[in-house]
Ligand code: SF4
Ligand code: SF4
């Protein structure tokens with residue numbers, strides 16, 4: 001149900017652009033107004049969400065330690081899995097963000113009959129996740145050549161390496177392929193692993209379909225419909241320089257691509273996609289395990305009702321004296 | 001409460017044989033989880049907090065009720081209370097707000113939870129446990145949820161949702177294993193803690209947590225042992241030690257001006273086998289001539305406030321520093337406990353510090369500065385003893401532990417909230433000859449819970465405990481078959497209670513021990529008589545005089561002795 005709804009939603013969105021551009025000649029709407037609005041919503045949305053997190057303090061230092069603490073000098077501590085200083089935290093976070101360290105630990109447990117548990121490695125999720133995110137990043141960087149004039153050498157180099165296999169004309173980008181394969185895997189595991197299907201919401205399928213849609217439309221316009229890339233660049237440069245122009249004759253696939261990207265941008269700040277920025281804020285990962293070395297302050301700390309020693313002694317004084325336990329008041 | 005510290009045989013006998021018990025399907029049902037109402041099955045939930053305990057603590061809505069009742073007698077404006085409480089906590093805890101927002105439902109945490117592995121109940125997947133709260137969060141606090149409702153995974157707060165929360169937040173031992181695997185570090189324990197806090201606003205808690213909390217508040221310890229009872233107990237241990245070693249040792253109590261305040265979980269002096277570990281500490285300190293003191297007021301290091309609310313942690317923990325100040329000690333040493341150390345390590349200084357009236361801890365024997373505890377001023381006994389052994393300050397006869405083939409259970413809290421892995425292993429290796437770790441993936445940061453932490457270690461919950469304990473039991477069984485392991489060492493008082501039925505059921509023949517029990521058995525004390533029995537009163541391996549079993553106590557006898565100073569039920 002959630003799956004079909006999400007698929008349907010993406011199909012409708014595609015249909016909307018198609019009708020709008022083809023029938024309604026709304027190139028300006030889809031080529032200029034919506035992208036601008038989407039970007040604005042994205043930026044404002046992301047910032048305000050991050051600020052909302054930032055507004056809530058971190059009252060306690062609740063690091064999850066995944067390695068030996070630093071204690072006695074002759075015991076080898078693990079400054080990455082249980083960082084005791086900022087350097088360790090930075091490395092831990094870098095591994096987390098760039099290599100998905102925690103996901104790499106993933107295991108799979110199987111219950112055998114006698115009964116017995118058997119553990120196996122389960123690296124596919126990690127691999128697919130990593131492949132997906134990295135290829136996405138490469139694709140983003142590659143796209144910079146539409147946003148810059150002259151194109152920085154580095155970006156050109158990137159695109160060159162990415163298309164190195166020179167399959168087809170224009171060259172097929174490896175990153176695009178990897179992204180589509182990995183995102184398809186992520187989708188299929190959601191459908192075929194019963195537990196994951198059980199927990200999946202429309203909010204999980206929708207971004208997947210959206211990204212698949214973005215990827216497919218990109219692939220189609222590059223390799224099959226051969227959209228005029230010079231005109232695309234003209235439009236994009238117009239947007240970037242705030243002098244929007246809408247060249248005629250850019251094919252529909254481009255508008256579909258652009259619109260789905262816009263939807264993704266709008267959707268982003270209101271969804272789980274915020275994990276992109278959220279991961280940096282995670283208190284179990286971004287705090288050092290130096291709890292007993294350095295006092296952590298809770299900004300909203302307040303006094304609580306305690307049972308004082310005096311109250312305690314008042315209640316038990318006679319018994320304490322009888323038992324020969326020293327007391328404050330005789 | 002005392003009689004349920006160890007499960008009665010009748011409870012165990014209700015549990016079918018392992019192969020039948022574990023006929024568990026991990027495949028979720030067809031029907032979506034939002035359409036599957038909670039069902040309170042016998043053996044899988046804990047009894048509710050008694051009104052008298054709630055009253056002692058000034059907690060809301062004290063009354064008698066049962067989870068199986070139709071009407072839970074919630075306050076009239078319960079929805080508003082939850083909404084306000086939710087909002088308040090979102091504003092106070094970044095962790096909570098963030099964890100509500102960024103889960104991608106990748107499912108990596110799903111089969112990491114011992115309760116899911118052992119029960120197959122999909123709502124015991126950490127991600128779904130969190131979704132129980134998240135669904136309400138989306139409904140009440142997010143745009144998408146307000147607009148799209150169920151499509152966005154939002155659902156309205158109803159009494160059935162509250163019942164579900166109660167059931168599943170008390171089927172989480174806050175062990176944090178899931179958080180090790182989550183790519184964003186989402187800690188479902190943190191979410192469970194928030195969930196429990198919200199439930200408490202409506203007067204919904206479990207008695208196995210609330211009774212200890214109420215006791216602890218008043219008498220200083222979970223078991224309600226009063227000062228004279230505490231003294232009797234320790235004296236009684238001194239008798240036993242004398243029987244074994246021929247040495248009479250002192251029990252310093254509430255002694256002003258001592259160098260060190262020593263704090264243990266009350267389980268250590270209440271029930272076997274914790275008692276042997278307690279004797280172990282006493283023998284160690286006596287042998288080294290350490291100037292320390294026990295406190296009857298701070299007679300509990302454990303803190304079931306951790307399983308109740310952040311405020312309750314602080315209320316119960318406050319006595320540690322105030323007592324250290326009153327007695328004028330220099331620093332604090334803490335015994336073998338699990339959740340106690342989560343509190344001491346991650347909360348105490350923030351909540352009740354700064355402990356600027358104390359000094360940075362230095363070992364009086366080796367001169368080692370415990371730099372890692374220089375702000376909190378509290379040292380873990382395992383750090384302390386490892387340092388002693390490293391500096392050759394203990395004379396140890398490992399042969400006395402030769403009948404033990406030992407494995408070690410990393411307790412969740414010291415493992416995932418402190419990262420204390422090597423110290424206990426170092427000590428164990430130096431006091432016994434046969435030590436084998438359980439397999440990778442079941443130890444250290446990936447250790448499995450005993451199934452009875454976070455206040456769930458009660459008998460009426462035995463079915464669920466044994467299910468949750470299955471991954472641990474399975475790993476113990478593995479080293480038992482492979483290396484002949486017969487002793488499961490742990491440094492946690494809850495473990496020393498819950499691992500016993502766990503082993504009886506999953507790995508019969510394996511007994512449970514604290515680490516300082518092994519230390520003390522190996523410790524050669526100045527002026528001791530030739531030892532023929534260990535602290536349990538069993539003959540030492542190779543001992544000539546096998547018949548000299550003098551003081552074999554079982555825990556029920558200990559229990560009777562404690563009656564003198566414990567609150568009646
Ligand atoms: S591992 Fe983390 S992100 Fe993945 S489902 Fe579990 S809590 Fe969510
Ligand atoms: S904290 Fe432990 S018990 Fe709770 S959901 Fe996570 S793995 Fe399960």
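Protein chains in written order, with this note's numbering: chain A, 1 to 330; chain B, 1 to 569.
From the three backbone atoms N, C-alpha and C, an ideal C-beta is built for every residue, glycine too.
{"Check": "Cβ-heavy atom distance, residue 216/B to ligand 2, below 7 Å", "Outcome": "no"}
{"Check": "Contact check, residue 45/A vs residue 268/A, beta carbons under 8 Å", "Outcome": "yes"}
{"Check": "Limits of the beta strand (DSSP E) - the one that residue 332/B falls within", "Outcome": "331-334"}
{"Check": "Sufficient close CB pairs (3 or more, under 8 Å) joining the region 303-316 of chain B to the region 381-390 of chain B", "Outcome": "no"}
{"Check": "Chain-order list of residues whose beta-carbon lies under 6 Å from that of residue 301/B (same chain, five-residue window excluded)", "Outcome": "263, 264, 265, 334, 337, 340"}
{"Check": "For residue 310/B, the three-state DSSP class (helix, strand or coil)", "Outcome": "helix"}
{"Check": "Identity of the residue in 247/A, 108/A, 298/A nearest residue 58/A by Cα", "Outcome": "298/A"}
{"Check": "Local Cβ density within 10 Å of residue 330/A, reported as buried at 16 or more and exposed below that", "Outcome": "exposed"}
{"Check": "Unbroken beta strand (DSSP E) run spanning residue 513/B, endpoints", "Outcome": "511-514"}
{"Check": "DSSP-derived helix/strand/coil call for residue 300/A", "Outcome": "coil"}
{"Check": "Alpha-carbon spacing of residue 154/B relative to residue 258/B, whole angstroms", "Outcome": "57 Å"}
{"Check": "Cβ contact (3+ pairs, closer than 8 Å) linking the region 22-36 of chain B and the region 119-133 of chain B", "Outcome": "yes"}
{"Check": "DSSP bridge partner residues for residue 33/B (one or two, in chain order)", "Outcome": "Its beta-bridge partners do not exist; DSSP assigns none."}
{"Check": "Per-residue DSSP class, three states only, for residue 223/B", "Outcome": "coil"}
{"Check": "8 Å Cβ cutoff met for residue 405/B and residue 414/B", "Outcome": "no"}
{"Check": "Check whether residue 30/A and residue 258/A have beta carbons under 8 Å apart", "Outcome": "yes"}
{"Check": "Environment of residue 73/A [buried if 16+ CB atoms lie within 10 Å]", "Outcome": "exposed"}
{"Check": "Residue-level contact to chain B via CB, residue 329/A, 8 Å cutoff", "Outcome": "no"}
{"Check": "Local conformation of residue 117/A per DSSP, three classes", "Outcome": "strand"}
{"Check": "Residues within the region 106-128 of chain A neighbouring chain B, beta-carbon criterion of under 8 Å", "Outcome": "106, 107, 108, 109, 111, 113, 114, 115, 116, 117, 119, 125"}
{"Check": "Same chain only: Cβ atoms within 6 Å of residue 448/B, ignoring 5 sequence neighbours per side", "Outcome": "114, 442, 471, 472"}
{"Check": "Min CB distance residue 480/B to chain A below 8 Å", "Outcome": "no"}
{"Check": "For residue 148/A, the three-state DSSP class (helix, strand or coil)", "Outcome": "coil"}
{"Check": "Own chain partners of residue 215/A with C-beta closer than 8 Å, once the 5 adjacent residues on each side are dropped", "Outcome": "176, 179, 180, 183"}
{"Check": "Nearest candidate by alpha-carbon position, reference residue 147/B, set 1/A, 296/A, 271/A", "Outcome": "271/A"}
{"Check": "Residue 176/B: CB within 7 Å of a non-hydrogen atom of ligand 3", "Outcome": "With respect to small molecules bound, the structure shown includes ligand 1 and ligand 2 and not ligand 3."}
{"Check": "Simplified DSSP assignment, three categories, for residue 350/B", "Outcome": "helix"}
{"Check": "Interface flag, residue 117/B vs chain A, CB-CB below 8 Å", "Outcome": "yes"}
{"Check": "Residue 129/B beta carbon near ligand 2 (any heavy atom closer than 7 Å)", "Outcome": "yes"}
{"Check": "For residue 162/A and residue 19/B, the rounded distance between their alpha carbons", "Outcome": "54 Å"}
{"Check": "Nearest candidate by alpha-carbon position, reference residue 315/A, set 228/B, 181/B, 246/B", "Outcome": "228/B"}
{"Check": "Reduced DSSP secondary structure (H/G/I, E/B, other) of residue 460/B", "Outcome": "helix"}
{"Check": "Residue 67/A: contacting residues in chain B (beta-carbon distance under 9 Å)", "Outcome": "419, 421, 444, 445"}
{"Check": "Runs of alpha helix (DSSP H) lying entirely within the region 90-136 of chain B, each at least 4 residues, in chain order", "Outcome": "94-101, 114-119"}
{"Check": "Local Cβ density within 10 Å of residue 392/B, reported as buried at 16 or more and exposed below that", "Outcome": "exposed"}
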